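Just so it is clear: in the sequence shown, position 60 is 61 by my numbering, and no numbers are missing.
The block underneath contains the structure these notes are about, expressed in C-alpha coordinates.
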Amino acid sequence: MMLLDRRRALCHAGGAATTAVLCAVLYMLLDRAVPIDVIAGQIAPDPAPAGADVVIELKVIMHRECGGTIRRRIVDSAGVQFEYDDKKVSFPLAGPSEEPQVFLRPLRLPVAIHRGPAKYVPVFEWWCNPLQRIWPTVYVQRPVVFDVN
2 MMLLDRRRAL CHAGGAATTA VLCAVLYMLL DRAVPIDVIA GQIAPDPAPA
52 GADVVIELKV IMHRECGGTI RRRIVDSAGV QFEYDDKKVS FPLAGPSEEP
102 QVFLRPLRLP VAIHRGPAKY VPVFEWWCNP LQRIWPTVYV QRPVVFDVN
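Printed below as a string of C-alpha coordinates:
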(Lines of atoms letter the chains of each structure in order from A; the text may use other names.)
(Lines give C-alpha, C1' and ligand atoms only; values in the text may rest on other atoms or scores of the structure.)
Protein backbone atom coordinates (compact mmCIF):
# COMPACT_ATOMS: atom_id res chain seq x y z
CA MET A 2 0.00 0.00 0.00
CA MET A 3 2.82 2.39 0.85
CA LEU A 4 4.43 1.75 -2.54
CA LEU A 5 1.18 2.61 -4.29
CA ASP A 6 0.86 5.91 -2.36
CA ARG A 7 4.44 6.82 -3.19
CA ARG A 8 3.89 6.03 -6.86
CA ARG A 9 0.69 8.11 -6.93
CA ALA A 10 2.51 11.06 -5.32
CA LEU A 11 5.28 10.85 -7.93
CA CYS A 12 2.72 10.81 -10.75
CA HIS A 13 0.99 13.88 -9.34
CA ALA A 14 4.32 15.70 -8.92
CA GLY A 15 5.34 14.81 -12.48
CA GLY A 16 1.99 15.99 -13.82
CA ALA A 17 2.26 19.28 -11.91
CA ALA A 18 5.80 19.87 -13.17
CA THR A 19 4.77 19.13 -16.77
CA THR A 20 1.82 21.50 -16.46
CA ALA A 21 4.03 24.25 -15.05
CA VAL A 22 6.55 23.88 -17.91
CA LEU A 23 3.79 23.87 -20.55
CA CYS A 24 2.19 26.99 -19.02
CA ALA A 25 5.55 28.80 -19.04
CA VAL A 26 6.19 27.88 -22.69
CA LEU A 27 2.66 28.91 -23.66
CA TYR A 28 3.12 32.27 -21.91
CA MET A 29 6.40 32.84 -23.77
CA LEU A 30 4.73 31.93 -27.09
CA LEU A 31 1.90 34.39 -26.50
CA ASP A 32 4.14 37.20 -25.20
CA ARG A 33 4.30 39.16 -28.48
CA ALA A 34 3.66 42.71 -27.20
CA VAL A 35 6.05 45.28 -28.64
CA PRO A 36 8.08 46.97 -25.88
CA ILE A 37 8.07 50.42 -27.51
CA ASP A 38 5.81 52.45 -29.78
CA VAL A 39 7.48 54.94 -32.09
CA ILE A 40 5.24 58.00 -32.22
CA ALA A 41 7.30 60.19 -34.56
CA GLY A 42 10.67 60.35 -36.23
CA GLN A 43 12.76 62.92 -38.02
CA ILE A 44 16.25 63.33 -39.40
CA ALA A 45 18.36 66.44 -38.86
CA PRO A 46 19.56 68.23 -40.82
CA ASP A 47 16.77 68.03 -43.39
CA PRO A 48 17.65 68.38 -46.24
CA ALA A 49 20.95 66.57 -45.78
CA PRO A 50 23.86 66.37 -48.23
CA ALA A 51 25.08 62.99 -49.48
CA GLY A 52 27.79 61.54 -47.24
CA ALA A 53 26.78 63.75 -44.30
CA ASP A 54 26.44 62.72 -40.68
CA VAL A 55 22.82 63.03 -39.62
CA VAL A 56 20.96 62.43 -36.38
CA ILE A 57 17.84 60.31 -36.30
CA GLU A 58 15.44 61.45 -33.62
CA LEU A 59 12.72 59.02 -32.56
CA LYS A 60 9.99 59.95 -30.13
CA VAL A 61 8.96 56.74 -28.36
CA ILE A 62 6.76 55.45 -25.58
CA MET A 63 8.56 52.66 -23.76
CA HIS A 64 6.29 50.00 -22.22
CA ARG A 65 9.00 47.64 -20.95
CA GLU A 66 12.72 47.05 -21.27
CA CYS A 67 13.79 44.22 -23.57
CA GLY A 68 16.89 43.31 -25.56
CA GLY A 69 16.96 43.49 -29.31
CA THR A 70 18.53 44.69 -32.52
CA ILE A 71 17.71 47.29 -35.17
CA ARG A 72 18.07 46.40 -38.83
CA ARG A 73 18.44 49.70 -40.67
CA ARG A 74 18.31 50.76 -44.29
CA ILE A 75 17.89 53.90 -46.34
CA VAL A 76 15.97 53.92 -49.61
CA ASP A 77 16.82 56.83 -51.89
CA SER A 78 14.72 58.58 -54.55
CA ALA A 79 15.85 56.09 -57.22
CA GLY A 80 14.74 53.14 -55.07
CA VAL A 81 18.32 52.07 -54.26
CA GLN A 82 18.55 50.48 -50.82
CA PHE A 83 21.55 51.08 -48.58
CA GLU A 84 21.79 48.50 -45.78
CA TYR A 85 23.55 49.29 -42.50
CA ASP A 86 24.99 46.92 -39.92
CA ASP A 87 22.53 45.70 -37.32
CA LYS A 88 22.80 47.61 -34.06
CA LYS A 89 22.08 46.38 -30.59
CA VAL A 90 19.08 48.20 -29.15
CA SER A 91 20.20 50.46 -26.36
CA PHE A 92 17.74 53.10 -25.31
CA PRO A 93 19.37 55.39 -22.75
CA LEU A 94 15.93 56.35 -21.57
CA ALA A 95 14.30 56.72 -18.18
CA GLY A 96 12.70 53.25 -18.40
CA PRO A 97 9.07 52.33 -19.00
CA SER A 98 6.79 55.37 -19.04
CA GLU A 99 3.57 56.48 -20.68
CA GLU A 100 5.20 59.84 -21.43
CA PRO A 101 7.00 60.18 -24.80
CA GLN A 102 10.80 60.05 -24.62
CA VAL A 103 13.33 61.12 -27.26
CA PHE A 104 15.95 58.71 -28.59
CA LEU A 105 18.82 60.02 -30.78
CA ARG A 106 21.03 57.90 -33.03
CA PRO A 107 23.78 59.19 -35.36
CA LEU A 108 24.03 57.84 -38.90
CA ARG A 109 26.23 58.63 -41.91
CA LEU A 110 24.43 58.89 -45.25
CA PRO A 111 26.00 57.04 -48.18
CA VAL A 112 28.02 59.14 -50.61
CA ALA A 113 26.28 57.43 -53.55
CA ILE A 114 22.75 58.33 -52.37
CA HIS A 115 20.61 60.04 -55.04
CA ARG A 116 19.22 63.53 -54.52
CA GLY A 117 15.55 63.91 -53.69
CA PRO A 118 13.23 62.30 -51.17
CA ALA A 119 14.64 59.37 -49.23
CA LYS A 120 13.45 57.29 -46.31
CA TYR A 121 15.07 55.70 -43.29
CA VAL A 122 13.47 52.31 -42.55
CA PRO A 123 14.29 50.65 -39.21
CA VAL A 124 13.10 47.16 -38.29
CA PHE A 125 13.26 46.32 -34.59
CA GLU A 126 13.66 42.72 -33.42
CA TRP A 127 12.94 42.25 -29.70
CA TRP A 128 13.46 39.44 -27.25
CA CYS A 129 11.67 39.85 -23.94
CA ASN A 130 11.85 36.18 -22.90
CA PRO A 131 14.15 33.22 -23.66
CA LEU A 132 11.95 31.77 -26.41
CA GLN A 133 12.15 35.04 -28.35
CA ARG A 134 15.88 34.51 -28.87
CA ILE A 135 14.69 31.97 -31.48
CA TRP A 136 11.49 33.74 -32.55
CA PRO A 137 11.84 37.50 -31.84
CA THR A 138 9.01 40.00 -31.86
CA VAL A 139 9.42 42.12 -35.02
CA TYR A 140 8.31 45.76 -35.23
CA VAL A 141 8.58 47.55 -38.58
CA GLN A 142 8.54 51.28 -37.90
CA ARG A 143 6.96 53.75 -40.27
CA PRO A 144 9.72 55.13 -42.51
CA VAL A 145 11.23 58.51 -41.61
CA VAL A 146 11.10 60.60 -44.79
CA PHE A 147 13.73 63.28 -45.49
CA ASP A 148 15.36 65.06 -48.43
CA VAL A 149 18.86 64.65 -49.81
CA ASN A 150 20.40 67.62 -51.63
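Backbone N, C-alpha and C fix where the C-beta goes; we use that ideal spot for every residue, glycine too.
Since the structure is predicted, the reported quantities are computational estimates derived from the model, not experimental observations.
Give a yes or no on whether the C-beta atoms belonging to residue i and residue j are separated by under 8 angstroms.
i	j	result
V149	D54	no
P101	V61	yes
F125	G69	yes
V112	A49	no
R74	Q82	yes
P118	V146	yes
Enumerate in chain order the residues of its own chain whose CB-to-CB distance from residue i is below 7 angstroms, with the five nearest sequence positions on each side excluded.
i	result
A79	H115
W128	C67, G68, G69, R134, P137
E58	G42, Q43, A45, V103, L105
N130	M29, D32
How far does the beta strand (DSSP E) with residue i in it extend, from its first residue to its last?
i	result
A119	117–128
Would you list the residues sitting across from residue i in a DSSP beta bridge?
i	result
P107	V56
V90	None, per the DSSP bridge assignment.
Q102	V61
V141	V124
V112	DSSP lists no partner for V112.
D148	P118
Sorted by chain position, which residues of the same chain lie with C-beta nearer than 8 angstroms to residue i's C-beta, five sequence neighbours on each side aside?
i	result
H64	A34, V35, P36, I37, D38, P97
P144	V76, K120, Y121, V122
R109	G52, A53, D54, V55
Can you list, in chain order, the residues of its chain whose CB lies under 6 angstroms from that of residue i, leaving out five sequence neighbours each side?
i	result
L11	none
Y140	V35, F125
L132	M29
Y85	R73
I88	This sequence places Lys at residue 88; Ile is not what is there. Excluding sequence neighbours, K88 sits near I71.
key: Secondary structure, beta strand (DSSP E): runs of 3+ residues fully inside the segment 20–87   = 37–45, 54–63, 68–76, 82–84
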